[in-house]
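Engineer: Right, I'll just put the structure down here and ask away after.
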Amino acid sequence: MRKLLLLFFLAYVSFMPWQGWAQSVSISGQVTSAADNNPLPGVSVAVKGTTTGTHTDADGQFTLQAPAGSSLVFRYIGFLTKEVKVGNASTINVALQESSQNLGEVVVTAFGVEQEKRALGYSVQELQTRDITETQQANIVNAMQGKVAGVQITNSGGAPGASAIMMIRGGTSLSGNNQPLYVVDGIPIDNTTPVGQGGLSAGTAPASNRAIDINPEDIASITVLKGPSAAALYGLRAAEGVVVITTKKGTAGKAKINYSNTFSFDKVNKLPDFQSVYKQGEQGDFDPAAMGSWGPAFSANETRYNNLESMFKSAFTQKHDLSVSGGNDRSTFYASASHFDQGGIVENTALERNSFRLSADTKVGEKLKIGGTANYIKTGRTYVSQGSASGVMGAVYWPLNDDMGLYLNPDGTQRTIGVNDNPHWSVRNKPITSDVDRIMAVGTVIYDPFEFLNVTYRLGTDYYTDNFKSVRMPGTTTVGEERGAISESTTNNRITTSTLLVTGKKSFGDFNTSLTLGHNAEDSRRQTATWYGRNFIDPGFASINNVVQTDRTISQAISQRRIVGVFGDLNLDWKGIAFLSFRGRNDWSSTLPVSSRSFFYPSVSTSLVITDLLEDMGAISGSSVLSFAKIRASWARVGKDAPPHVLATTLATATNSFTIAPRGFISNANDYYGNPALKPEFTNSIELGADVRFFRNRLGLDFTYYKTSTDEQILGTRTPPSSGAFLAYMNGGRIDNEGVELMLNTQPVTNENFTWQLDFNIAKNTATVKELPGTLDRVELSDAWVAGSVAQGAAFLGGSLFGINGNVWKRNEQGQLLLNDEGYPQVQSTLQYIGDRNPDWTGGITNTFSYKNLSLSFLWDIRVGGDIYNATENTLVRSGLSTKTLDRGQTRVFEGVIESTGEPNTKSVVLDQNYYQTIYPFQGYDFVEDGSWLRMRYITLTYNLPSQILEKTPISNLQVFATGRNLVLITDYSGVDPEVSGSGAGVGGSGSFGFDNLGVPATRGFDIGLKLTL
């Protein structure tokens, strides 16, 4: 395959005339904005059909050598591309028109290559620095919420550093990864979110997704490659799309110093409603030892404590960012430092991130350019568990007549009720910490041996160490850990990537061609060592070394994968009007059997600029109504490999120490059976679209239709307990995805002083399970399981990938309730479909009003449909604090039939504590709610001080701003927030979004800050 591609490339370049470039002229000039005549730094100026080019300096100036009779192409993100013929003049000054769209006319695509948007046969969407930073989000994933059509992002709660799930155009995998690949400056990075990190006897620690380590202020742009056609060159890791992040670089000119400071205030956004009529007790009688609120009614003047509200406080955050950039016509640099310190609304929770970044580029002679970027990040996080062992869980149970805030007895021991720890004691004595040290580095060499030929080599690494610790201090009520317990783990994760690109460009009259051949190799390794111990020797010292060896267990896990790929990308265009692209990649993956390790996937895309074609034909000329019209189409096939080390059944060890065992360890089989016959899964995709703009680009519409089919799914399915493992990996199953996306952008009003920019996007996606292996009728997700209420995520044959599997009332074939002999309803013994978490529509509306130096921007985030399983409400019912239990003591005759006799029911039953604790909460259907919402994600007011005020100071620009986050939420959902993810972002398959399970509630907040440039 590689020999064939090499021969093809040599044949291609052999037709290129190597002479003919001798006669060239020196061209100089300045590039400005047509709107205000200000110079534009960093504009790409290239000789059409070649790799020869440069960028403008800080004053918009440029100089380059160009062949006589050639054309110069000027590209700048956010502005319309302009082409100028080189005549006899040695000076060419160009004024670029701003694009009416927030989507730039030049976008960054695969491997950091800039392409004209008109040439693309597939949909991409780009966000600029302001789009990211004005949201004031610590996690760059959350910063994209509501801004990108067809992208669904769900935050997992209001804790500092909470993970966020991102899915592009729904999911395609039954049990594997459905989140996109993240690429920073051409290098793939890790965005793992560990599931159930903790190791103690109960509860889960909701970890962060590692994209949170990226400083938003360092980002120049983010390009979202949505479909397989857009992402195909990145290989199998890009099967779910790609988020391409380009960081800021230095520009030629005087050194600039930028500083920004932000101060933030947050508080809990919303809490569930409680009944405040009945107090602590059992069966209507007061009992000070009872955990539930099933006692008598409060007296008129009796104090009621809002114990859940007492768990939350006001939280404060400060952020400082400093950067220095500059350079000359041969070398540029960019250096930045950032400090982010976020407090949590729960005591003893916080996130601290310190980032240091250096980027430099230099020209060595006229044909060689080298550059590199290094980023060191230290992220520390303190947080609490969620779910059945969380502090929130205890607060939801705690009776209102008792002040939960009095969490210590006079002797210093914790004051508790029942079997759960006091939540206030928990957050102070059961800390969870994660300390991450991370280095992301990339080096690039660009060599232009000839004006038509470019060679780029890039070598990068993403390496981090995560030191995790979860502690339960002595005094906990957790059985077996009363004398203290600790779980520690150290994870080392490394991804090393090598990429070689060879690109040739040539024009043949009206035809332009480019061919890129590439080689890509990626090695990844993840190693985790975990220590668990209990019964502290010294009760005041939390360390694994404070536990005797017989009370310790130690385990280790190593995961490795290597992917090697070769690819080709052939692009043809006619007059910049009609475009055709052919792409192909062959990958070799170490996670597949040798017989299936190599697999090839192609793609083809095309686009046609109709308005330019009509102008070329003389049919139209400078229409003031129709400014631009393009149609596009693409087809692609992309593969995906298996998780590491699932080809064979492996052994796991858990010992009291790391020892050398010459005769081996006594080991247990791992939790899955290996399958040496696995094959890659494949996704076939088609995409059709149109981009139309009117009234001199003041109104733009972009429409996309897509359909994908993913078969030969690699999934882990449950096996009988007698098999010795609970999972077996196999190929089988098919998911069909279909959807539409619509983007509208317009400037309803624009004049010298005032501009109104309106951007709107809406999307619909349907993911249907068409086939499952064997006799399976569903695939259940154990990591998206809600304890006690027996509900879980599941993909249903013939139904949704994002279903909810749960208990329902027992009914006969006629749909009548089957009641027991007492007249109470009964719960069906098998779980059934009870909801679909996939929203019907998602969208966003962004408005930006600019008046002179003042700007106001706000975003409405829209979600229509999508079910939520409210496990928090289920817990409130059991505790007696739900408003649903206010009818306690009343009688009811359930409409149905007695199962044992088949006779219609006439028996009256009491809705008592027994009903609300042992019958009603064990069916899940009544706890499924509609998750629709309309929320204001943010509103930002910005003011730039006039230049005449600053002209006698060293400050060239000073901006002040104020932002409000999540100030408005309109929803019928009864819980804290319909944007929930019960087990965080690390759950594979359909994920855990749509499960509200006692997590830290979402917050609303305010930010004030300033930005200045020296």
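Just so you know, we're using the numbering used here here: the sequence shown kicks off at 2 and counts up by one. The beta carbon of each residue, even a glycine, is placed where N, CA and C say it ideally should be. Given the structure is predicted, the values throughout are model-derived calculations rather than measurements.
(1) What beta strand (DSSP E) runs, 3 residues minimum, are completely inside the stretch 571-595?
(2) State whether the stretch 135-154 contacts the stretch 924-943, with contact taken as three or more CB pairs (one from each stretch) at a distance under 8 Å.
(3) Grouping DSSP H, G and I as helix and E and B as strand, with all else coil, what is residue 405?
(4) Below 6 Å CB to CB, which residues in the same chain sit around residue 811 once its five sequence neighbours on both sides are set aside?
(5) Can you tell me where the beta strand (DSSP E) with residue 272 in it begins and where it stops?
(6) Can you name, in chain order, every residue of its own chain whose Cβ lies under 7 Å from the Cβ of residue 904, other than the five neighbours on each side?
(7) Ignore the nearest five residues each way along the sequence and tell me which others in residue 604's own chain have a CB closer than 6 Å to its CB.
(8) Give me the Cα-Cα distance between residue 983 and residue 872, rounded to the nearest whole angstrom.
(9) Determine the DSSP secondary structure at residue 195, reduced to helix, strand or coil.
(10) How many angstroms separate the CA atom of residue 163 from the CA atom of residue 440?
(11) So if DSSP puts residue 905 in a beta bridge, which residue, or which two residues, is it bridged to?
(12) Quick check on DSSP: helix, strand or coil for residue 465?
(13) Quick check: what's the CA-CA separation for residue 1069 versus residue 386?
(14) When you compare the stretch 211-225 with the stretch 983-1000, are there three or more beta-carbon pairs, one atom per stretch, that lie closer than 8 Å?
(15) Measuring alpha carbon to alpha carbon, tell me which residue in 449, 366 and 614 is nearest residue 502.
(16) To which residues does DSSP link residue 190 through a beta bridge?
(17) Helix, strand or coil for residue 486, going by three-state DSSP, please let me know.
(18) Check for me: the alpha helix (DSSP H) holding residue 425 runs from which residue to which?
(19) Given a cut-off of 8 Å, decide if residue 870 and residue 792 are closer than it, judged by their beta-carbon atoms.
(20) Taking C-alpha atoms, which residue in 187, 362 and 383 lies nearest to residue 433?
(21) Starting from residue 67, follow the beta strand (DSSP E) in both directions and report where the run begins and ends.
(22) Using the DSSP secondary-structure output, state which residues sit across from residue 435 in a beta bridge.
(23) Whose C-beta lies closer than 8 Å to the C-beta of residue 923 among residues of the same chain, with five residues either side of it excluded?
(24) Note down, in chain order, each residue of its chain lying with its Cβ closer than 6 Å to the Cβ of residue 76, except the 5 sequence neighbours on either side.
(25) Flag this pair as yes or no: are the beta carbons of residue 237 and residue 564 separated by less than 8 Å?
(26) Consult DSSP for residue 420 and reduce its assignment to one of helix, strand or coil.
(27) With DSSP collapsed to three states, give me the class of residue 42.
(28) Tell me the DSSP secondary structure of residue 204 in three-state form.
(29) Do residue 309 and residue 396 have their beta-carbon atoms positioned less than 8 Å apart in this structure?
(30) Which of the three DSSP states, helix, strand or coil, is assigned to residue 546?
(31) Excluding the 5 residues preceding and the 5 following residue 297 in the sequence, name in chain order all residues of the same chain whose CB lies nearer than 8 Å to its CB.
(32) Could you name the residues of the same chain whose beta carbon sits closer than 6 Å to that of residue 194, not counting the 5 residues immediately before and after it, in chain order?
(33) Do you know whose CA, among 270, 774 and 66, lies nearest residue 735's CA?
(34) How would you call residue 412, buried or exposed, if buried means at least 16 neighbouring beta carbons within 10 angstroms?
(35) Apart from the five residues on each side of it in sequence, which residues of its chain come closer than 7 Å, Cβ to Cβ, to residue 74?
(36) With 16 as the cutoff for other CB atoms within 10 Å, does residue 335 come out buried or exposed?
Structural biologist: For this structure:
(1) 579-590
(2) yes
(3) As a working mapping, residue 405 is identified with position 404 in the sequence shown. In the structure shown, residue 405 sits in coil (DSSP, three-state: anything other than H, G, I, E or B).
(4) In the sequence shown, counting from the first residue as 1, residue 811 sits at position 810. Hits under 6 Å: 819, 827 and 829.
(5) In the sequence shown, counting from the first residue as 1, residue 272 sits at position 271. That residue, residue 272, is in no beta strand (DSSP E); it is neither H nor E in DSSP.
(6) Translated into positions along the sequence shown, residue 904 becomes position 903. Excluding residues within five positions, the ones whose Cβ falls inside 7 Å are 898.
(7) By 1-based counting over the sequence shown, the position of residue 604 is 603. When the five nearest sequence neighbours on each side are left out, the beta carbons in the same chain lying within less than 6 Å of the beta carbon of residue 604 are those of 230, 233, 584 and 637, in order along the chain.
(8) Here residue 983 refers to the residue found at position 982 when the sequence shown is read from its first residue. Here residue 872 refers to the residue found at position 871 when the sequence shown is read from its first residue. Roughly 9 Å between the two C-alpha positions.
(9) Here residue 195 refers to the residue found at position 194 of the sequence shown. Here residue 195 sits in coil by DSSP.
(10) For the purposes of this step, residue 163 is taken as residue 162 along the sequence shown, with counting starting at 1. For the purposes of this step, residue 440 is taken as residue 439 along the sequence shown, with counting starting at 1. Going from the Cα of residue 163 to the Cα of residue 440 covers about 21 Å.
(11) As a first step, residue 905 is located in the sequence shown; it is residue number 904 there, counting from the start. Residue 905 is bridged to 898.
(12) Locating residue 465 in the sequence shown gives position 464, where the first residue counts as 1. Correct three-state label for residue 465: strand.
(13) The structure shown has nothing for residue 1069, since the chain only spans 2 to 1015.
(14) Fewer than three pairs of CB atoms, one per stretch, sit closer than 8 Å, so the stretch 211-225 makes no contact with the stretch 983-1000.
(15) Within the sequence shown, residue 502 is the residue found at index 501, counting from 1. The residue with the shortest Cα to Cα distance from residue 502 is 449.
(16) Indexing the sequence shown from 1 puts residue 190 at position 189. Answer is 183, bridged to residue 190.
(17) Locating residue 486 in the sequence shown gives position 485, where the first residue counts as 1. It is a strand residue.
(18) Along the sequence shown, read from residue 1 onward, the residue named residue 425 stands at position 424. Segment 424-430, the alpha helix (DSSP H) holding residue 425.
(19) Counting from 1 along the sequence shown, the entry for residue 792 is found at position 791. Counting from 1 along the sequence shown, the entry for residue 870 is found at position 869. Against a cut-off of 8 Å, the Cβ pair of residue 870 and residue 792 comes out as a contact.
(20) Taking the first residue of the sequence shown as position 1, residue 433 is located at position 432. With distances taken between Cα atoms, residue 433 lies closest to 383.
(21) Numbered from 1 along the sequence shown, position 66 holds the residue referred to as residue 67. 62-68 is the extent of the beta strand (DSSP E) around residue 67.
(22) Locating residue 435 in the sequence shown gives position 434, where the first residue counts as 1. Residue 435 pairs with 382 and 469.
(23) Within the sequence shown, numbered from 1, the residue matching residue 923 stands at position 922. 790, 791, 808 and 828, listed in sequence order.
(24) As a working mapping, residue 76 is identified with position 75 in the sequence shown. Cβ within range, chain order: 45, 82 and 107.
(25) Against the sequence shown, residue 237 aligns to sequence position 236. Against the sequence shown, residue 564 aligns to sequence position 563. Yes, the Cβ-Cβ distance between residue 237 and residue 564 is below 8 Å.
(26) As a position in the sequence shown, residue 420 is number 419, starting the count at 1. In this structure, residue 420 counts as coil in the three-state DSSP scheme.
(27) For the purposes of this step, residue 42 is identified with residue 41 of the sequence shown, where counting begins at 1. In this structure, residue 42 counts as coil in the three-state DSSP scheme.
(28) Taking the first residue of the sequence shown as 1, we reach residue 204 at position 203. Because residue 204 carries a pLDDT of 46, less than 50, the predicted location of this residue cannot be relied on, and no value is offered for it.
(29) Against the sequence shown, residue 396 aligns to sequence position 395. Against the sequence shown, residue 309 aligns to sequence position 308. Result yes, Cβ atoms of residue 396 and residue 309 sit closer than 8 Å.
(30) Looking up residue 546 in the sequence shown gives position 545. Correct three-state label for residue 546: helix.
(31) Position 296 of the sequence shown, counted from the first residue, corresponds to residue 297. Counting only Cβ-Cβ distances below 8 Å, and skipping sequence neighbours, we find 279, 280, 282, 285, 286 and 287.
(32) For this step, residue 194 is matched to residue 193 along the sequence shown. So the qualifying residues of the chain are 164, 208, 210, 985, 986 and 987.
(33) Indexing the sequence shown from 1 puts residue 735 at position 734. Comparing Cα positions, the closest option is 774.
(34) Sequence index remark: in the sequence shown, residue 412 carries index 411 (1-based). Exposed is the call here.
(35) Locating residue 74 in the sequence shown gives position 73, where the first residue counts as 1. Excluding residues within five positions, the ones whose Cβ falls inside 7 Å are 47, 49, 82 and 84.
(36) Numbered from 1 along the sequence shown, position 334 holds the residue referred to as residue 335. That one is buried.
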